[in-house]
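Our numbering applies: residue 290 is where the sequence shown begins, and numbers increase by one.
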Amino acid sequence: MLILAIIFINLAMVLYTIGVWAERIRRQLKWWHLWFFWLGFVCDTIGTSSMTEIGGALIRFNLHGITGLTALLLMLFHSTWATFVLVRKDEKRIQTFHRISIFVWIVWMIPMIGGMLLGAKI
290 MLILAIIFIN LAMVLYTIGV WAERIRRQLK WWHLWFFWLG FVCDTIGTSS MTEIGGALIR
350 FNLHGITGLT ALLLMLFHST WATFVLVRKD EKRIQTFHRI SIFVWIVWMI PMIGGMLLGA
410 KI
């Protein structure tokens with residue numbers, strides 16, 4: 290179960306990072322960026338669920354647990370909002386969406402890096 294969690298958490302990092310930074314470099318939200326956002330979110334959810342099963346608690350009220358839950362919720366919001374922006378063809382938001390993406394990515398990296406460096410207690 291731990292191997293599954295590690296694989297999916299790292300896959301989430303790769304996919305979400307590609308989506309966010311490709312959008313940032315291009316400075317325009319594209320449909321393929323959206324796929325990377327959603328795939329990253331799904332992989333993170335699977336990895337987090339696997340870690341939850343190992344640890345026996347949905348959330349631990351420590352820095353890692355709180356930042357992890359916050360990051361997951363932000364990823365869900367981010368991916369959902371990106372979907373609405375693209376469906377509505379809102380050109381202004383398509384051009385400026387990268388600003389929120391970077392913020393969400395930075396917040397998401399806090400529990401990612403924290404878990405790796407501190408050996409998060411699940």
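Heads up, the beta-carbon is just placed ideally off N, CA and C, and yes, glycines get one too. On a predicted model such as this, the values are computed, not experimentally measured, just so you know.
Using a Cβ distance threshold of 9 Å, residue 318 and residue 383 count as a contacting pair. Residue 393 sits away from residue 373, with the two beta carbons spaced by 9 Å or more. The C-beta of residue 314 has fewer than 16 other C-beta atoms within 10 Å across all chains shown, which makes the residue exposed. Close CB contacts of residue 391 within its chain, under the 8 Å cut and outside five residues either way in sequence, are with 309 and 313 (chain order). Rounded to the nearest whole angstrom, the C-alpha separation of residue 379 and residue 399 is 30 Å. In this structure, the straight-line span from the alpha carbon of residue 296 to that of residue 360 is close to 18 Å.
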